[in-house]
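Worksheet: the structure to be examined is printed underneath.
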Amino acid sequence: MSSVSNVTLAACVFMTVTCLVYSSNAQGPGIGSIDLGPIEPDFPIRTCSPRCENGFCVGGRCLCQPGFTGRTCSNTIITVCYGGCANGGTCRYGSCSCRPGYSGSSCQIPSCSPSCANGGTCVSGKCRCRSGYSGSYCQTRVCTPSCRNGQICILGQCRCPRFLDGPEPLGISEPGVPEIDLVPFYPAVCCSRSCLNGGTCIGYNRCRCRSGYSGQYCQTKVPSCLPSCANGGTCVSGQCRCRSGYSGGYCQTRVCTPACQNGQICILGQCLCPRFPDGPVPLGISEPGVPEIDLVPFLCAPACRNGGTCSNGKCNCRTGYTGSYCQTRTCSPACRNGGLCTSYGTCNCRSGYTGSYCQTRTCSPACRYGGTCTSYGTCNCRSGYTGTYCQTRTCSPACRNGGTCTSYGTCNCRSGFSGSYCQTRTCSPACRNGGTCTSYGTCNCRSGFSGSYCQTRTCSPACRNGGTCTSYGTCNCRSGYTGSYCQTRTCSPACRYGGTCTSYGTCNCRSGYTGTYCQTRTCSPACRNGGRCTSYGTCICRSGYTGTYCQTRTCSPACRNGGTCTAYGTCNCKSGYTGTYCQIRSCSPSCANGGKCVSGKCRCTYGYGGSYCQTKVCRPSCQYGQVCISGRCQCPRFLDRQVRGLPGRPGSQEPERLPIYRPVCCSKSCLNGGTCIGYNRCKCRSGYSGQYCQTKVCSPACRNGGTCRNGKCVCKKGYYTGSYCQTRLCSPACRNGGTCTPYGTCNCRSPYTGSYCQLSPTCYPRCENGGTCIRNNRCSCPSGFTGSRCQNAVQTACRVRMEIHDMTQAQRQLYIDTYKTAYGQPALRTLLRSHAINFAAGIHTRNQFLPWHRWFILELENILLAVNSNVILPYWDWTLHSAAPWSAPLWGSASHWYGGDGSGSCVTTGPFRSGQFSLVSGGCLRRDFDLTETTPSALVVNDILSTPVSSFNDFELRVRGELHDTVHCRIHGTMCTLDAAESPDFFLHHVFIDKLWADYQARSTAHHDAHFSSLGSAMTAAGGHSAQDMIDLNNQPGGVCVRYEQPSSSTARQLRRALSRVAPSVIAKRVSCQPQSLDVSRAVQQGQELFRVSASERSRLSSLVSKQVCRSAMPGQAGPSGARTTATANLGFDLNTLVSLANAK
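The numbering of the sequence shown is the working numbering, which starts it at 13 and goes up by one.
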């Protein structure tokens, strides 16, 4: 059978056997099948119990299909990236790992690789360079404007190179410029000043001039005719004008005038008939009167030029000239290698050749990086470079053991080797479970592990409770048991929602859950009066009851007219109303004198009146100001201040003084029960006005623009209602069961929203696994599922993060060893560098700070779990050591602590000391404790956690600016730089910051969901995750559940109890503490500058920090032994007083 590459899982079902082969490639999991025909097993087949759900049983163990995990393959894991990875990206852990040159959540954005240098910006995958730079990634300095006259650009400046006459090129040396030996030059072409009048530079301060000019720089104008006109000719406009009897380009030829005829030829200006003998040697010419000419047997026509001589009718040319009459300039020596000789006598060389006669072979393109061109036209490259023109960087020393050299000069090693030149043998696959790789490429396994790469766990101690040790060194436990050696009784199905399995195999459920495996949400306290507990832990009450747990009896129908419902479900009516639900208006006090109460008013018998028939009235009614007295109409009399004497009594000397009354009546009767109190003055009853009480008024007065008509308020239609228009109406009316508030807004029932509850929530993508959409893009998941769309199965247990001082020595040692092991792996180093790369890209702004760092520590924790599945991140609660943070045990020198101060330099103690630990960016771990300052106290943190949910922006700003930034720069050193994430102290601090956010979220549902408006936007460099994905600790990406365990020391427990009982305002007045100057300390200022807290945020933070959280001076509070307690000394405030205040509650 042919082999199958990349096989990660093969499961064969025997008898009629088909092997399913799962392979992993860049596109994701695939599946193929190989039919092996019938195979009879030669060993007993082991079955799996419980049965495998999404996998195959092999050797008694479940091998899961891609996308599933767990003992029975029941848990879903994210293996795909939604939307796919573009441009060759690969999907890992549900996020895309992009190829160089691309970025983005789906690798959809072209990026520049290598990164643009010298301030260049990446646009559509190409670098756009700043002025003065060029190259594919802006790596080359250029000169602007371009260099002329043979000068070359060096470090952005035009310089004239200096050259040697020898064949070997040299570097360039200028005063103040280091010698550059990487760019050789050939015999010089550079002028110190420009060639004038169109001349071209052909050598060091040598110019080739245009016709009509001469001089070193072609600065001199010469006569226009070259050669000069002969035989008395004159130069006119660049041409020779010859005297009679001469002609030629420069008047060099004697001519005959008129022209010779009949075969005669012109010799020295005369027409002569030539004579020739029969022999081969021509004779002279003889004519009467003409001397014999025996030197010119036959003349050349046209005449020989450029100093050539005529012989036997042919021109004998001087060296450097050729042609029938020596008119052509030749190149001497002759042009080689196919070069062409120009009319100037210079060689025009073919591509690939140079030199005065094309004798030198050139390299095309030119040799780079200091390579020299040989006489064969090939480049002789410097060490470290290769290629046709030295364009490729080589690895020096050469890559060993089959490694290949990349274009960056680094070695790409084969599997099994590493090091700068692949000189180190590695173990492939990598040694697991803490095994170390030897120089022979084999793994040296820790105790308890074996195998070629320590992948097999040995069974030590022996498997218990009937478990059997498998070939993998793990115990195959019987149903009902689990643990590394089957020592733990398990619960089946597994306990949910944080329930723990007891040693008896039963689930111990957390408060609020019940059921065989804690699957049922309970209501605490239990629902009363027949109420039913829902799966959300809330009570659905029977009709007639309400309240959180149905403890309150309601009245049905509801009490009207201001009546209140009693605990017995009956209405307690306001005065003036009666009936089962206060619907009947009553008369108060009761109607007298036989009157009857009708609709809240007394209907009196004849002869009686008044609001409750208490007054005897006159029938018919009295008029003209008369009043009814005892059923009779009488005109009232009013006392006058004047008195007069009357006859005195017998025997009295003084007359008797009696009051005088004046009758005062109204001209017409006072209406509606009004009484006459003066001349035409009526005193009206409540509800009436006017001179005679004739007008009915509204009481109380109509509000909100209502008008009173006949004693009733007529309200503005559609806006207000009520007896005096006091109630605001909702327009349009509230829908879907919403209720209108007194402010005219609708209070909507879940899950509806909108100004009048008209909108039902939408979730896209849709909720899965039976989830219901309760808010826009927020699903309420059924039991057993979680995730933004209920797409993830709930994990059976949460990751529990502990305070580092609560961990055992072995736990701390395991964490530190695992951290140091993972620190050397590319995944963790890349993650740590991403913090520095994105430091100023928004991860420290208010919208991203809390959720981004929650994602960041989760990613680190996932990497650590891949190295050792027993390691969870711890945190350091520095409030427990606020007054003396640098004396905390954390800074001990033992291998299970973190080491001490470096006093501004490298740490020299502990597991992270210099020589034992180095940063990703290079160098040692540095610390510089701010020994004069403290960390923020528990009272400060309690005050911050007490921030109301409506002021979440103040809570976030104080956590970020007052707590986070301050502690970073009080540890100082590496922690107060851009490389802070490379310090192991970083995660102790940030996990505690995340815990404080979790404590704030736990206060209420509103606190839990509080954040800023950009919840759905993707965060910077966070694998496409948004802040919404990180809000719920029970539903982190990948279905991860995280829980924080509170510090367990007695001091911490006392402190938590006291802070939960005493209000911050009481603490500020009663509890004394050491003063903390959080607004002026070095750490605060440096932290705010480093983490870029804006000026407006600093101003706001200063006002928040100035708030008093305790009495500013601690007067040496004495403990039971007469001295301040250790807890008080460490906390920085009087714990005894705080506990006393709590106990008094």
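Here a beta-carbon is modelled for each residue, glycine too, at the ideal position from N, C-alpha and C.
*Look up Ile-875 in the DSSP assignment and say whether it is helix, strand or coil.*
helix
I'd like the list of long-range same chain contacts for Cys-614, defined as Cβ closer than 6 Å, with 5 residues on each side in sequence excluded. Cys-599, Cys-603, Gly-607, Tyr-624 and Cys-625
For Gly-132, count the other beta carbons within 10 Å of its own beta carbon; 16 or more makes it buried, fewer makes it exposed. Which is it?
buried
Checklist entry - To the nearest angstrom, how far is it from the Cα of Ser-978 to the Cα of His-984? => result Per the sequence shown, the amino acid found at residue 978 is Thr instead of Ser. Looking at the two C-alpha atoms, the distance is approximately 10 Å.
Per DSSP, Gln-1048 forms a beta bridge with which residues? Val-1052
Margin query: Applying the 10 Å Cβ sphere with the 16-neighbour rule, what's the burial state of Leu-352?
Written below: exposed
- [ ] In the DSSP assignment, find the unbroken alpha helix (DSSP H) run with Thr-102 in it and report its ends.
- [x] Run containing Thr-102: none in the alpha helix (DSSP H); it sits in the beta strand (DSSP E), 102–104.
- Message: Can you tell me whether Tyr-732 is helix, strand or coil according to DSSP?
- Response: strand
If Tyr-149 sits next to Cys-128, beta carbons under 8 Å apart, how far is it from one beta carbon to the other, in whole angstroms?
5 Å
Measuring CB to CB, does Cys-513 end up less than 8 Å from Tyr-497? no
- Give the secondary structure of Arg-1065 by DSSP, where H, G and I count as helix, E and B as strand, and everything else as coil. helix
Give me the DSSP bridge partner(s) of Cys-455.
Cys-449
May I ask you to report which of helix, strand or coil DSSP gives Cys-988?
-> helix
- Query: Are the CB atoms of Cys-423 and Tyr-433 nearer to each other than 8 Å?
  - Reply: yes
>> Using a 10 Å radius around the Cβ and a threshold of 16 neighbouring Cβ atoms, would you call Leu-1071 buried or exposed?
In response: buried
If I measure Cβ to Cβ from Arg-380 and keep anything under 7 Å in the same chain, skipping five residues before and after, which residues do I get?
Tyr-401, Cys-402 and Gln-403
* Leaving out five residues before and five after Gly-244 in sequence, what residues of the same chain have Cβ atoms less than 6 Å from its Cβ? -> Arg-255
Close beta carbons around Arg-1104, own chain, < 7 Å, minus the five adjacent residues each side = Ala-852 and His-856
Arg-767 and Cys-758 closer than 8 Å at C-beta:
Looking at the sequence shown, residue 767 is not Arg but Ser. Yes, Cβ-Cβ distance for Ser-767 and Cys-758 is below 8 Å.
**Asked** How about the region 1070–1085 and the region 1142–1155: do they share at least three Cβ pairs that are nearer than 8 Å?
**Response** yes
**Asked** Pairing CB atoms from the region 811–830 with CB atoms from the region 960–975, are three or more of them under 8 Å?
**Response** no
### Task
Assign Gln-1100 to one of two classes, buried (16 or more other C-beta atoms within 10 Å of its C-beta) or exposed (fewer than that).
buried
Local conformation of Gly-245 per DSSP, three classes
coil
>> My output table needs one value for Val-726: the three-state DSSP class, helix, strand or coil.
In response: strand
Exercise for review: Starting from the Cα of Arg-405, find the closest Cα among Gly-414, Ser-419, Lys-1007 and Gly-643 and give me that residue.
Suggested key: Ser-419
DSSP three-state call for Gly-215: helix, strand or coil?
strand
*Of the listed residues Thr-986, Leu-876 and Ala-809, nearest to Gly-836 (C-alpha basis)*: Leu-876
How many Å lie between Tyr-333 and Ala-346 at the Cα?
-> 12 Å
Exercise for the section: Could you have a look at Glu-945 and say whether DSSP puts it in helix, strand or coil? Expected result: coil
Which same chain residues end up closer than 7 Å to Gln-228 when comparing Cβ atoms and leaving out the 5 residues on each side of it in sequence? Asn-217 and Cys-219
For this session: Check whether the Cβ atoms of Thr-502 and Gly-485 sit closer than 8 Å, and answer yes or no.
Result: no
- Item | Whole runs of the beta strand (DSSP E) within the region 806–868, excluding any shorter than 3 residues | 811–813
For Asp-966, I'd like the list of residues in its chain whose CB is within less than 7 Å of its CB, leaving aside the five on either flank, ordered along the chain. Thr-959 and Leu-1116
Quiz item: Mapping DSSP to helix, strand and coil, what is Ser-107?
Solution: strand
### Where the alpha helix (DSSP H) containing Val-1151 begins and where it ends
1147–1155
Grab me the residues of Tyr-452's own chain with a C-beta within less than 7 Å of its C-beta, minus the 5 sequence neighbours each way, in chain order. Arg-437
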